[in-house]
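Chemist: In the working numbering, the protein residues as written are 700 to 1137. My questions all concern the structure below.
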């Protein structure tokens, strides 16, 4: 296997790989390596049995332990072009749905689609006219019925005459009903190692280098295209942010009205009345090996992984398909679909309504929350794609200079809102923290 820092498995595993990046993320278009979609493989974690258990139980546990520690042999096989009609049909359906902004169709064939990505798909589709060219290159996957897919596309934008080349890597699996789907969320180290190795074979690297060179030639010779892609990216980021904010505001409006009414009633009373609340607590058990993340998004920081059979206390069931859980003395988030409820307890809790919160207490709590959500990673870091250094934390802020991919910046501070304060070329400004190689 080639040793390349840019192919670090952790970074490789957590990046988002869909056609959106073709338009809104230049890095994903020009990278000479493969960006691989995270994969779902169920691995049974067995506990060694003691000598008194039956031979049948011992045999099952031995097989499970072997499966958990197994690795996959990477075959030396050539890329196949458009070799499987059912795989081609799946990939064509995926790209057509992206062009149409058809989130329902994508959700039916793509495992691990979060709410933010659904909104981004709809926003980006406003700029896409069609995909006149879709070529599907494949190599065998690590398990029967799976494929590592390298989809070469030519995308036609509404406001640009020429088609733009791109390459996207996907892990395609077969479900229990025998249907193919794109696996984009749950991961296993052995499968990821397999995909990393097979994606570094000479013919795959050559294919990606060819596509990258084709794209780079277009960008370097056409400033109109470079500006267009940058504008699309900025517009999509703003639209997605506004949609998420509006959705959060709508969901919380009723709760806010009720809270204000309760506060008004409490302020008119001289004494505090006991309040009885019904609280339901659920215990969830993992049915898959999944990532435990810092927030309810597949792009959020990975805090760890579950093992099959691990149990967690659910703090909140979110409407977007995620669950907030207790994790290592703090809180974290997991996809609810990969867990089953093993117990549910309902009890009435008597509390006293708090009648007054001082401004000092509110400020202190807000400061603590902000500090807890601010990254402490600072110092020298590389920029993973060409970005604009801005005067303030906004995509509408004045541009101080352009920082090119691979440049080194001095990170002064990172913030919970996704921005980072950096120094570059004697200038101090702000860029999105997602473009820093940490």
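Quick reminder that beta carbons are idealized off the backbone N, C-alpha and C, glycines included. Computed from a prediction, not measured in an experiment: that's the story for all the values here.
1. Using 10 angstroms around the beta-carbon of residue 1032, count the other beta-carbons present and answer buried if the total reaches 16, otherwise exposed.
2. Going by the beta-carbon positions, is the gap between residue 1088 and residue 1123 smaller than 7 Å?
3. Pull up the DSSP beta-bridge partners for residue 1015, would you.
4. Going straight from the alpha carbon of residue 781 to that of residue 852, what length do you get?
5. For residue 1116, which of 1104, 994, 1021 has the nearest alpha-carbon?
6. Is the stretch 890–901 close to the stretch 782–794, with three or more CB pairs under 8 Å?
7. Quick one, which of 1042, 820, 1107, 773 has its alpha-carbon nearest residue 801's?
8. DSSP puts residue 839 in a beta bridge; with which residues?
9. Indicate whether the contact test is met: 3 or more Cβ pairs, each with one atom in the stretch 925–934 and one in the stretch 870–878, closer than 8 Å.
10. Does the stretch 822–837 come close enough to the stretch 790–798 that 3 or more CB-CB pairs lie under 8 Å?
11. Out of 983, 774, 1043, state which residue places its alpha-carbon closest to the alpha-carbon of residue 1026.
12. My parser needs the alpha helix (DSSP H) runs of 4 or more residues fully inside the stretch 852–917; what are they?
13. Could you compute how far the alpha carbon of residue 810 sits from the alpha carbon of residue 1041?
14. Please determine, among 833, 988, 836, the residue with the shortest C-alpha to C-alpha distance to residue 888.
15. Could you spell out the range, first to last residue, of the alpha helix (DSSP H) harbouring residue 789?
16. For residue 1124, which three-state DSSP category applies?
17. Could you give the first and the last residue of the continuous beta strand (DSSP E) run that contains residue 1082?
18. What does the alpha-carbon distance come out to for the pair residue 859 and residue 865?
19. Provide the residue span of the beta strand (DSSP E) that contains residue 1034, from first to last.
20. Determine the contact status of residue 1130 and residue 1098, defining contact as a CB-CB distance below 7 Å.
21. Taking the continuous alpha helix (DSSP H) assigned at residue 1004, which residues delimit it?
22. Going straight from the alpha carbon of residue 763 to that of residue 814, what length do you get?
23. Among residues of its own chain, excluding the 5 on either side of residue 1134, which ones have a beta-carbon nearer than 8 Å to its beta-carbon?
24. Within 10 angstroms of the Cβ of residue 921, are there 16 or more other Cβ atoms? Answer buried if so, exposed if not.
25. Report, in whole angstroms, the separation of the C-beta atoms of residue 786 and residue 854, which I expect to be a contact under 8 Å.
26. Compute the distance between the beta-carbons of residue 991 and residue 1008, then report whether it is under 7 Å.
27. Measuring only the C-alpha atoms, how far is residue 1037 from residue 772?
28. So who's on the other strand from residue 991, going by DSSP bridges?
29. Here's the rule: buried if 16 or more other CB atoms are within 10 angstroms of the residue's CB, otherwise exposed. What is residue 843?
30. Residue 1022: buried (16+ other C-beta within 10 angstroms of its C-beta) or exposed?
31. Taking the alpha-carbon of residue 997 as reference, which of 979, 1028, 1035, 907 has the nearest alpha-carbon?
32. Return the CA-CA distance between residue 869 and residue 1092, expressed in angstroms with no decimal places.
Modeler: In this structure, then:
1. Within 10 angstroms of the beta-carbon of residue 1032 lie 16 or more other beta-carbons, which makes it buried.
2. It is a contact, given that the beta carbons lie within the stated cut-off.
3. 1023, per the DSSP bridge assignment.
4. Computed Cα separation, rounded: 13 Å.
5. When only C-alpha atoms are compared, the closest one is 994.
6. Touching, no, given that fewer than three Cβ pairs across the two stretches are closer than 8 Å.
7. Comparing alpha carbon positions, the residue from 1042, 820, 1107, 773 closest to residue 801 is 820.
8. DSSP output for residue 839 lists 846 as bridge partner(s).
9. The answer is no - the stretch 870–878 does not touch the stretch 925–934, with fewer than three Cβ pairs under 8 Å.
10. Contact holds: three or more Cβ-Cβ distances are below 8 Å.
11. Among 983, 774, 1043, the Cα nearest to that of residue 1026 is on 983.
12. Segments of the alpha helix (DSSP H) lying fully in the stretch 852–917: 888–898.
13. Cα-Cα distance, rounded: 24 Å.
14. Selected option, being the one with the closest Cα: 988.
15. Run containing residue 789: 784–799, per the alpha helix (DSSP H) assignment.
16. In this structure, DSSP gives residue 1124 a state outside helix and strand, which the three-state scheme calls coil.
17. Per DSSP, residue 1082 belongs to the beta strand (DSSP E) from 1078–1082.
18. Residue 859 and residue 865: Cα-Cα distance of roughly 15 Å.
19. Element bounds for residue 1034: 1029–1034.
20. The Cβ atoms of residue 1130 and residue 1098 do not sit closer than 7 Å to each other.
21. Residue 1004 -> not in any alpha helix (DSSP H); beta strand (DSSP E) instead, spanning 1001–1004.
22. With a pLDDT of 49 at residue 763, under the threshold of 50, the modelled position of that residue is not reliable, and no figure is offered here.
23. Within the same chain, residue 1134 has close Cβ partners 726, 1082, 1083, 1084, 1086.
24. That one is exposed.
25. Actually they do not touch by this definition, with Cβ atoms about 20 Å apart.
26. No; because the gap between Cβ atoms is not below 7 Å, this pair is not in contact.
27. Rounded to the nearest angstrom, the two C-alpha atoms are 28 Å apart.
28. DSSP, once it has assigned bridges, lists 1003 as partnering residue 991.
29. In the assembly as shown, residue 843 is an exposed residue. Its beta-carbon has fewer than 16 other beta-carbons within 10 Å.
30. Buried is the call here.
31. Of 979, 1028, 1035, 907, the residue nearest in Cα terms is 1035.
32. Distance between the alpha carbons of residue 869 and residue 1092: 33 Å.
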